[in-house]
Each structure stands twice: as structure tokens, then as C-alpha cells.
Amino acid sequence: MELAILMLTVGSAVVEIKCGSIYRLEEAYTIFLNGEERGTTQKVVTSLFNLSPDRDYLLQLAGEDGSIRGEISFHTKTETAVLNVRDFGASGEGEQDDTVFIQAAIMACPPEGRVVIPPGKYRVTSLFLKSNSNLELEEGAVLIYDGRPGRLPILPGLLSGKEENSFALGSWEGEAADMYAALFTGCGAENVNLYGKGEILGGASMEDWWSEENRQSSPHRPRMLFLTHCKHIRVQGLHFSMCPSWCIHPCFCSDLGIYDVEIINPEDSPNTDGINPESCEDVEIAGCHFSLGDDCIAIKSGKGRRAQENPVPGSHIQIRQCFMENGHGGVTIGSEISSGVHHVTVRDCCFRNTDRGLRIKTRRGRGKSCVVDAILFENIYMEQVDTPFVLNCFYFCEPDGRSDYVQTKEALPADERTPNMGELVFRHIYCTDCHIAAAFFYGLPEKKIKSVFMEDVRIRYAKDARPGLPAMMCGVEKMCRKGLFFRNVERLCLKGIDIRGQESEAIDAADVDVIIREVQE
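Take 106 as the starting number for the sequence shown in my numbering and just add one per residue.
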């Protein structure tokens with residue numbers, strides 16, 4: 106067993122237990138800190154709380170037989186001051202609006218200080234993060250988002266009159282747009298740790314934020330945590346639920362870590378994505394649990410003229426040891442990716458009961474900077490996933506998405522509007538109880554998918570498999586127990602593919618230039 110420290114603050118740490126397990130350990134381990142028992146864990150990515158600042162610790166994990174299986178030493182960070190929000194006037198009784206009192210504590214916090222929200226219920230609107238600070242929600246602390254329109258600040262989409270010289274602030278689905286401020290908003294913040302065992306309740310329902318009337322209204326729906334142009338941000342341990350729209354949405358951020366976070370929304374809640382990094386680089390997401398109504402994680406990089414003329418790609422994103430269930434997609438790239446996405450690794454994850462597992466979606470019009478390349482998915486288990494692998498270059502969910510230009514399957518001239526799909530690798534992926542298709546890859550005829558490499562992929566179908574559409578595009582009929590479907594690929598390499606129970610051939614490939622195959626049926 107190997108232990109690694111992923112995150113350290115003045116009062117917490119995140120440890121990754123590397124023993125071959127995915128998300129959950131095969132046995133419970135007892136935690137010892139400096140010889141003192143601190144409970145048990147059965148999670149690969151485990152949070153440690155209630156630590157003292159500026160102190161040496163020896164972490165040891167003991168198995169069920171009492172033997173020490175692994176250990177690691179670490180030193181917590183120093184702090185300059187502790188600010189309790191109760192001392193600033195917050196009641197924590199859930200009745201009064203505690204926003205201004207908590208914000209006062211945040212603004213008064215000296216560099217490297219810690220703002221503590223103790224147990225209680227705190228009704229708030231929008232809080233803004235401050236650089237070089239720690240914000241801790243202790244166990245039993247509940248933030249209740251009072252997100253009624255008229256009480257929330259508005260973040261303008263653009264901060265100047267001339268678009269070419271403007272600063273994008275508010276955002277909606279890849280473009281600058283007015284939006285309500287999140288419960289937590291960070292604008293240009295650096296070196297912030299937001300952590301604890303507390304809860305953040307978005308309070309959304311079908312009667313307000315999720316209603317048909319409010320889904321596309323302007324200003325647009327708020328997030329729970331919105332970060333723009335931020336650096337060196339860490340989020341740990343928090344529980345989010347009932348989010349008005351996307352839960353965690355970082356834009357134009359770098360060096361971002363999100364660990365051991367739980368995001369729970371109803372399965373039928375609209376646009377309640379979990380974590381959507383947009384035009385971000387150096388992102389690590391580990392040990393998180395998602396159960397929601399849309400994509401669990403969606404990697405984006407904007408759309409429209411601003412993104413095409415000044416592209417900021419999403420890059421160097423690591424996702425691992427996460428459990429994703431009940432969403433549209435487990436991990437999605439797109440569809441707003443006009444700036445491109447590259448160097449993404451997703452490994453050691455479990456998907457359950459999602460419509461699609463690993464999903465890439467784009468369309469004509471995203472532009473020549475829309476390059477998706479160096480994508481790796483490996484060591485992933487899926488259960489009850491309708492279609493485990495989807496790449497769709499004809500995504501139709503926009504006002505012009507069903508137009509002939511977007512949807513024609515005839516080759517059009519490749520120009521500055523044409524997206525580009527590069528090299529994609531999928532290996533050591535095991536899927537049970539699939540329904541619609543093992544894989545559905547449909548590239549553009551004028552700009553084919555460059556390379557798809559699949560190795561050691563096992564597919565089994567549900568006995569009661571139900572038919573459905575494999576991708577959101579026009580001209581595709583429902584499928585059921587379909588094998589691997591490929592259209593418009595330059596190079597396709599299939600090694601060690603094991604498919605059992607499909608209704609037709611294991612591989613349905615057309616307009617593929619080169620096929621290397623090793624398939625068991």
C-alpha cells in the first residue's frame with residue numbers, strides 16, 4: 106500500500122490510498138494520527154479534519170487484523186488568525202440573513218488566516234472569496250442558499266462596452282452572459298482553501314429555478330461555486346445538494362484541486378451538472394461522488410466568436426477515483442469547446458446508471474481551434490450505462506443544431522468553422538448491463554476522427570435491454586444491444602475487445618481508413 110497526500114491546509118488533509126481499489130476500499134482501515142485513533146475509512150481518497158496548524162503528523166492505517174498497512178508523514182500549514190463568523194454577528198439559527206456577517210469575517214481575514222463557520226444553519230445569498238485565506242465549514246454547519254431573484258447580485262457577462270476589449274465575468278453555456286452570483290463566487294482569487302464536512306443546500310425545485318420559465322431566463326441561473334480567473338484553489342469534503350444549475354463552475358482558472366466532494370441532485374433536475382471546468386488548466390478531481398440530473402463532469406472551453414478568436418483551451422485535467430451515477434454522462438467533453446480540450450486523463454472511476462459513460466460532443470461551427478486531442482480513459486468500471494462510449498460530431502442541442510449545415514452527413518468543405526477530433530485512447534474498461542450500444546463514434550466526413558485506440562474493453566448487455574438513441578443527433582434510429590459503431594475515422598485500433606450478447610455484428614464500421622482489430626465474440 107502506498108499513501109500520497111493530495112492536499113494540506115491549516116486544519117485538514119487529503120490522503121490517497123493506492124492499493125488497486127477504485128473509489129471504495131475492499132476493507133475498512135483504522136486511522137491513527139500520531140498514535141491516536143481517529144476513526145475508520147473505506148474510501149480510497151480520504152479526508153482528515155480537526156488537525157492543528159503548523160504541526161507534524163504521522164498517519165498510519167491499520168487493517169482489520171490490526172497490522173499497519175501504510176504510513177506517511179506530513180506537516181500542516183501555519184495560520185495567522187482564526188475568525189469565527191458568530192463573532193461577526195452570524196446567528197446560525199436559519200432565520201436571519203447571515204450573508205453580511207459571514208462576508209465581514211471573510212473580508213477581515215488576514216493573509217493565511219482561517220474563517221470558521223461552526224455548526225448551525227446559516228441563510229445566505231452570495232459570498233465572495235478572498236485571496237490567501239482558508240474557509241472551513243465544520244461538521245454540522247449548513248449553508249442555506251436564499252437564491253430568490255431580487256436578493257442576488259448579478260454578474261454582468263461583459264465588463265466594458267466594446268467586446269474586443271472587454272472582460273468576461275458572467276457566463277452561460279460557453280458564452281458571456283449575465284448571471285446571478287453563486288453562493289460562493291471567486292473573481293481573480295488566489296490561494297484559497299474551501300473545506301470541511303459542512304453542507305451547502307441550493308434550495309432549488311421545479312417551482313423556481315428548475316421551472317420551464319426560469320431555465321433559460323436572463324440573468325441566468327446561479328451556480329453553487331463559481332470561479333473566474335482564479336489560481337491555486339482547493340475544495341475539500343463539502344456536500345452540495347439541490348443546485349439551481351451547474352454546481353461547481355470554474356472558468357479561466359489554473360491549479361485547481363477538488364477532493365472528496367459530494368454533489369447530489371434529483372435525477373430529473375435540469376442542467377444540474379456536477380463539476381464543469383471551462384477553459385481551465387492543471388485541474389485535479391479525485392474521490393468525488395456524483396448523483397444528479399445532467400453530466401457529472403463536463404469539460405468545456407467556450408463557444409462563439411470570443412472563444413474562437415481568443416481561444417483558451419481546457420488542458421491537463423486529471424480525474425480519478427470518482428463514483429458517478431444517475432447522470433446524462435459520466436465524464437463529458439463538450440459541447441461548448443470552441444477553444445479545444447487536450448491532455449485529459451480519466452482513470453480509476455466507477456459509473457452507474459448514466460445515459461452515457463465517456464462522452465465527447467461537438468458540431469460544425471465550433472471552429473478550427475476546437476481541437477480535442479490526447480484524451481485517455483483507463484481502468485473504468487461501468488454498470489447499467491446505456492451507451493458506454495459516445496463521440497458525436499453532430500450535436501443538435503442549440504437553436505441551429507438541427508440545420509442542414511450542422512446535420513448533413515455529406516462532406517462539406519473543411520474551413521475555419523470545422524472542429525477537429527485527434528487521438529483518443531480507451532483501455533482496461535469493463536461494462537456490464539449495457540442497453541443501447543457498446544460504442545457510438547460518428548465523426549465528420551470532411552474532418553474524420555484522427556485515431557481511436559481501444560484495448561482490453563469488455564462489454565456485457567442487460568437481459569432486459571431497452572432500445573434508445575445512442576447520441577443527440579438527427580437521422581439516427583434507436584438501437585438495442587448494438588456493438589461498436591464507427592463512422593468517419595482515419596485509424597481505428599481494437600485490441601482485446603470482448604463483447605458478448607449483442608444483437609448484430611460486434612463491429613459496424615464504415616468510412617474508416619485503417620482498421621486493426623482483435624475482437625472476441
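Virtual Cβ for every residue (Gly too), placed ideally from N, Cα, C. Nothing here was measured: the structure is a model prediction, and the numbers come from that model.
| Item | Value |
| --- | --- |
| Simplified DSSP assignment, three categories, for Gln341 | strand |
| Residues bridged to Pro355 (per DSSP) | Leu332 |
| Rounded C-alpha distance that separates Asn296 from Leu332 | 12 Å |
| For Ile422 and Val388, believed in contact at Cβ under 8 Å, the rounded distance | 4 Å |
| Integer-rounded CB distance, given that Val594 should sit under 8 Å from Gly554 | Before going on, a small fix: residue 554 reads as Ile here, not Gly. Confirmed, about 5 Å. |
| Residues near Asn319 by beta carbon distance below 8 Å, same chain, minus five either side | Asp313 and Arg326 |
| Pairwise C-alpha distance: Ala273 and Ser265 | 9 Å |
| Residue interval of the alpha helix (DSSP H) (run including Gly409) | Gly409 to Glu414 |
| Alpha-carbon spacing of Phe494 relative to Arg464, whole angstroms | 6 Å |
| N- and C-terminal bounds of the alpha helix (DSSP H) containing Ala213 | Thr204 to Ala213 |
| Reduced DSSP secondary structure (H/G/I, E/B, other) of Arg452 | strand |
| DSSP-derived helix/strand/coil call for Phe154 | coil |
| Proximity of Leu481 and Val451 at Cβ, strictly below 9 Å | yes |
| Distance CB(Ser328)-CB(Ile363) smaller than 9 Å | Note that residue 328 corresponds to Arg in the displayed sequence, not to Ser. Not closer than 9 Å, so no. |
| Meets three-Cβ-pair contact criterion under 8 Å: the region 426 to 435 and the region 390 to 398 | yes |
| Terminal residues of the alpha helix (DSSP H) in which Val511 lies | Asp509 to Gln512 |
| Three-way DSSP call (helix, strand, coil) for Asn189 in this model | strand |
| Whether Phe345 touches Cys356 by CB criterion (9 Å) | no |
| Backbone CA spacing between Leu111 and Asp616 [nearest angstrom] | 45 Å |
| Pick from Cys401, Glu610 and Cys454 that is closest to Ile438, judged by C-alpha positions | Cys401 |
| Contact check, Leu164 vs Leu130, beta carbons under 9 Å | no |
| Length of the line joining the Cα atoms of Leu234 and Gly303 | 17 Å |
| Arg174 beta carbon less than 9 Å from that of Cys214 | no |
| Check whether Val366 and Arg219 have beta carbons under 9 Å apart | no |
| Beta-ladder partner(s) of Ala246, from DSSP | Gly225 |
| Unbroken alpha helix (DSSP H) run spanning Glu318, endpoints | Glu317 to Arg320 |
| Nearest neighbour of Tyr547, chosen from Arg457, Leu306, Glu515 and Asp538 [CA to CA] | Glu515 |
| Three-state secondary structure assigned by DSSP to Leu274 | coil |
| The region 568 to 577 contacting the region 515 to 531, beta-carbon criterion three pairs below 8 Å | no |
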